[in-house]
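Structure first, commentary second.
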Amino acid sequence: MKPAGQMTITLTDELEQFVRSEVNEGAFASNSEYIRELVRERYRKKMARDEKLKALDAALARGIADADAGRGLPLKEAFQHIRATLGLPSD
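The opening residue of the sequence shown carries number 0 in numbering that gives the first Met the number 0; numbering runs sequentially from there.
Take a look at the structure:
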């Protein structure tokens, strides 16, 4: 396992007190553990967002390729299909 890196951070007094209160209430074992958990949470969110964007880019590329190849529906027909699928009245 790779050794942990070390970093120094500076917090406002208010934020420092908040972190200390979270630790004192037993939510976290230490100030460092609290900060690590925040970073892990942000990292997971960013990775999930990046995966969603990657999937969206791939879907968009497929759609563009389909359109370029002449596969697809005219816009009016596509909206009619969507309305029918959703049970909405047509124009």
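Note that CB positions come from ideal geometry on N, CA and C, so glycine has one too. Quick caveat: nothing in here was measured; it's all calculated off a predicted structure.
Do you know how far the Cα of Ala66 is from the Cα of Arg91? There is simply no residue 91 to check, as the chain begins at 0 and stops at 90 in what is shown.
In whole angstroms, give me the CA-to-CA distance for His80 and Gly4. Here the alpha carbon of His80 sits roughly 55 Å from the alpha carbon of Gly4.
Taking the alpha helix (DSSP H) that Gly62 falls in, what are its first and last residues? It spans 30-67 - the alpha helix (DSSP H) in which Gly62 sits, taken as one unbroken run.
Quick check on Ser29 - is its C-beta less than 8 Å from some C-beta in chain B? Although the question refers to chain B, the structure presented lacks it and comprises just one protein chain.
Is DSSP giving Thr9 helix, strand or coil here? DSSP, read as helix, strand or coil, puts Thr9 in coil.
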